[in-house]
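Below you'll find the structure, written out as structure tokens, and then a few comments.
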Amino acid sequence: MTSKITPANILLPARMSLVTDAFANLEIAVLPFPFVQVVADFCHDIKQVLYRGNNREVRWPYRQLNNALLACASTLTYGFEFHSFDEESQLSLYQALAVGTPENSLKTPTPQQIHQLVIIWAQEWTNQYRDKGKKDEVNSVCDRFLERIAVIPPDWQWQPIKPETLVRDINTERGLGFQAIPSLLATMLHGKKCIINSGKTEQEIQWRKVQGGGSSKVGLYVVSKPFKANYTDNNGKEREGYFAYRLDFNVQTQAGRFNNNSNLEPWIFLHLSCQRYPHEPLLDGNYGRDISVLMGMNKARLSDYEVDSTLVCLVIDKNKQEENLWKLQLPELLAAFKARALEQPENIFNNPPAFGNLDNLNNWGERDEYYIVHAEGYGYEHEKRKRGHSIKTGFSFLERGDIIARVLEQINDVLIPDNPMQSDIPTPSGQKAPLAMRDYEFISRPRKGRELYQQIVADTIYRALQGKPMHIFLIYREQDTCETVYQQLRDVFLLNENEDFPAHITVSKILIDNAKLLEKFNTDGLKPKDGSQFDRRMRNEHQAKRDLWRTFLQQRAIPLRNFETNPHCLAIIEIGRIKTKGVLPQQNIKGAIREACIREGISSQMIQTVTPKSSDTENGQNKLPSYSKPTKGRVMNAVLDGTLRQIGALYGLPSKVYEQAKITKEIAQDLDVIAFYRHKTSQFQGDIHYALAVRLRATGAVDVLLPDANDWIPYTQAGIAVGKIFAEARRDRQENKKRLQSKIKLNGTELVQFVARVLTKHLDRATIVLIEAEGWRNGRGEDNDGKIWPQLQNENLLAKRNVLDFCHVPGNSCEYKRDNKQLQNLLSVIRIRTGKETPQYITNREAWNEDCPTRDFQHLSGFYDKSAPELLHYFSVGRLPKTQKAQDEMPIPEFYKLGFQEDKYGANIPFKHQQMVEIVPFFVRSDFQTEEALKALCRVPHYLRCSPAWSMGNIILPYPMHLAQEIIEDHLCILGVNL
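Position 389 (the sequence shown) corresponds to 396 in the numbering used here; numbering is contiguous.
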């Protein structure tokens, strides 16, 4: 048996305070881009002469200028990035940043040097317009622009910024500290070395700063030199690969945590990750995704320019071109600069070790270095076959803790580690866990009294459907798919052999007898680079496929439905293979099939074709087909999603969960939890900005309120409703892939009006409201000065904790006090933060330099933090997922990436740890304002991080918010959005 560590319930967050005085001898300088008005005038004028009567926008290619600038001047922190918006001129302002320390001093190109490059960039930009339209007018506009660009402003100089002022007020200088402080910390580490102990082996880590992809995708982070790992995999094959330690410094703030100057006091989050480099030829990237390459200069690209060992992140365009090219015509612009050329991308892809110093050779010389940054999905050539990267991602807690401890030693006069968080009461587990917190894995365990659990499953679905029956259509092409799905359906209901489905469940098998139904969209030879022609072709193919499926459903499925009982209908549909070599993502038929089902009032769950394991014959007899464990698991996940999650089911009553959270029984038995969720995508991924509210009642009933609706509808109907809205949005008018006046593109005012309306008009009983900070507190580029609900911002939440500030909301325009009778049912609003807004951590340690074992939590665990004593900050951490159980078995928790013991190797372990979820209640009703009552409120979303359809671990968002997210993501495929 494998031994395990006995953990203490201790959580040490990887967040640090700053020592203000330590920044006095550091340097920050900014250089404004002085030609903003000149560029804006040119964009306006060229649009007038070329695109009269057309809404086509002319945007200035600042990203191209920045790429070329950084490819020549690696001593910059970043180029001319967006800085602020000037209200008077109504123009966006841009500035460059550079930082320095005593060991790595400030080295900036002079404004005169940069001006020469700006002039050349402007000339290259205007060349694309010359000789178009009315040539004389166009050339006149271009010439006037170049004349104005050629004049250097007399007062254009680098402007020094005192670093300590940014520490005292992180929001001063328009939030410059969010990029400058992490860049200073990275620069302080640049070139420094430390030692970590991997078992009996010592590893020397030397840090090197990297430009790009850090805080807000601009700024600096650090990576170690590359390390090579060799190991024997689980199949006995020798594997090798290269990786580096990547360390990001992120500035975050905390609601209610202020310094002596009444400004938000910043935290520094240390985020450690595994950055992998390929050493074998790159065969496949990810379709439509750029490939990142780190470039290091050992010789100046332009004479008279300073050079250091900073790596610069450049990208290779994989979106539209047949060949691989550096993005934004970077080689052409460098040639115009008369700068040394970059290496050809194909050469780097075909032989990565020849262009990157993966083995840390001392005789590399003055050649440039190029390191391809691996991303999941990349394929590499190995022995005439394709395979992924050999090094698994992530690090053990032990290795994470060791590296952070060493970093703190290196800059111990700058960062002050936080204290451990305090543990809350244990989350219900074992026999104490209520059924509503259980998943299918628990329900399906072999046990005596199976009939009881069969009844629990039947009652669960009956309750979720509010008494309606369910009709499941199993629509298949291959018999293997049919048999596997049907068996997994029986397993969902815990049926023994010869037992029938419950009386309210009907299952019908329907063969797909027309192969055209499953054919991918026909491109007719067109490719994405053909632009509107390709898009038009895909739209027509979608419509034709949708209509073909509607006819099929009308002929084969609809006649089987019992219209008297009006059942909830679910179609589980085999759709072949989604990812096939040579087939574009845009040819995926999933969206057309889902829309066809929506139009016929049928929910749908797609499943890829099931293939049995290869079997040998024995004694001349064919064996029955068998299916691998991953295949059966994939099918079961799909079946559970369709039969449980898509109807919003829980195995038990939520009221029992609330009672366990220490909500009084009187309130728990009638408590609603309402969650808001918004989904936003870029113009290249559908240009969507949509939101929902999902209400979970104490009885387990789940309802949805759409942003333009006045009444709640059952979750089972909401999928059809959202699908129809998305289907209609396919006809939205668009310009430059941006939707105009669309129901699925809400602006900031519409979003906050939705929130205000729900809170003031749609609470008919005791209610807890959940809302994420991200996306709801503000909206860049939105109307209403970018405001959505600014009260959710860290700087505002404490001062406004006892009001609901909707003063900026048309139709409300007021601030609701806590004693407002209209809001008596509202127990609290709870703000939730996830992702990079919460820190990494280790367990079982009270200090980073402690030498003691550490492991992942075995149960959902809650902690609270008193850094801001006037606001309770509660943190939820999920249990170790079942897929990661190996990382909990000794000796694996003690492995470093280069460590090994017997036949186990750290490089072969994909370490993954659960992220923290921050939960902060505000606008709390008076009877819940004691510390224990506040914790009870926080435990509600904490305990709701479970789903009956997901047995691998805890979901990130509380269940009603998770349901809202899934119902939107289910239907994005109708719009051609591929997640």
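Cβ coordinates follow ideal geometry from the N, Cα and C atoms, glycine included. Since the structure is predicted, the reported quantities are computational estimates derived from the model, not experimental observations.
When the alpha-carbon of Lys523 is set against those of Ile35, Phe559, Ser91 and Arg497, the nearest one is in Phe559. The beta carbon of Cys859 lies closer than 8 Å to those of Asn851 and Arg852 in the same chain, with the five residues before and after it left out. The count of Cβ pairs closer than 8 Å, one atom from the stretch 722-740 and one from the stretch 661-678, stays below three, leaving the stretches out of contact. Pairing Ile411 with Ser205, the inter-Cα distance amounts to about 15 Å. Put simply, the backbone Cα of Glu287 is about 32 Å away from that of Arg413.
Inclusion of Ile579 and Ile605 in the CB contact set at 8 Å is not warranted, their separation being larger than that value. DSSP places Leu83 in the coil class of the three-state scheme, outside both helix and strand.
Here DSSP, grouped into helix, strand and coil, assigns Cys859 to coil. Judged by DSSP in its simplified three-state form, Gly303 adopts strand. Taking Arg283 as reference, the option from Lys345, Pro359, Tyr312 and Phe265 with the minimal CA-CA separation is Pro359.
With fewer than 16 neighbouring CB atoms inside 10 Å of its own CB, Ile423 falls in the exposed class. Taking a 10 Å sphere around the C-beta of Phe691, we find fewer than 16 other C-beta atoms and assign the residue as exposed. Looking from the CA of Ile974, the closest CA among Leu941, Leu699 and Ile432 belongs to Leu699. The residue among Glu64, Ser91, Leu38 and Val37 with its C-alpha nearest the C-alpha of Phe49 is Glu64. By the CB criterion at 8 Å, Pro170 and Phe362 fall outside the cutoff. CA-to-CA, the gap between Val174 and Tyr312 works out to about 31 Å. For the pair Thr488 and Thr618, the Cα-to-Cα distance works out to about 7 Å.
When the Cα atoms are used, Asn241 and Lys235 turn out to be separated by approximately 19 Å. In the displayed model, Asp531 falls within coil according to three-state DSSP, outside both helix and strand. CA-to-CA, the gap between Asp324 and Arg772 works out to about 54 Å. Across the set Leu533, Ser749, Gly726 and Glu95, the C-alpha of Gly726 shows the shortest separation from the C-alpha of Ala971.
In the DSSP assignment, Ile355 falls within the alpha helix (DSSP H) that extends over Pro352 to Asn357.
Under the three-state reduction of DSSP output, His278 falls in the strand class. Approximately 5 Å separates the beta-carbon atoms of Ile849 and Leu19; this is inside 8 Å, confirming the contact. Take Pro116, set aside five residues on each side of it, and the residues of its chain with a beta-carbon closer than 7 Å to its own are Ala80 and Tyr312, in chain order.
Using a Cβ distance threshold of 8 Å, Arg601 and Gly730 count as a contacting pair. In chain order, Ala914, Asn915, Ile916 and Pro917 place their CB closer than 7 Å to the CB of Lys399, counting only its own chain and leaving out the 5 sequence neighbours on each side.
Between Gly182 and Leu805, the C-beta gap is not smaller than 8 Å, which leaves the two residues out of contact.
C-alpha of Ile609 to C-alpha of Leu577: approximately 6 Å in a straight line.
Straight through space, the alpha carbons of Tyr387 and Arg246 are spaced by roughly 13 Å. The beta carbons of Leu951 and Pro965 sit closer together than 8 Å. Residue pairing from DSSP places Gln213 in a beta bridge opposite Lys200. For His278 and Asn369, the gap between their C-alpha atoms comes out near 30 Å. Taking the C-beta atoms as reference points, His866 is found no nearer than 8 Å to Phe404. Taking all protein chains in view, the Cβ of Val931 is crowded by 16 or more other Cβ atoms within 10 Å, so the residue is classified as buried.
Per DSSP, the unbroken beta strand (DSSP E) holding Asp872 starts and ends at Ser868 to Asp872.
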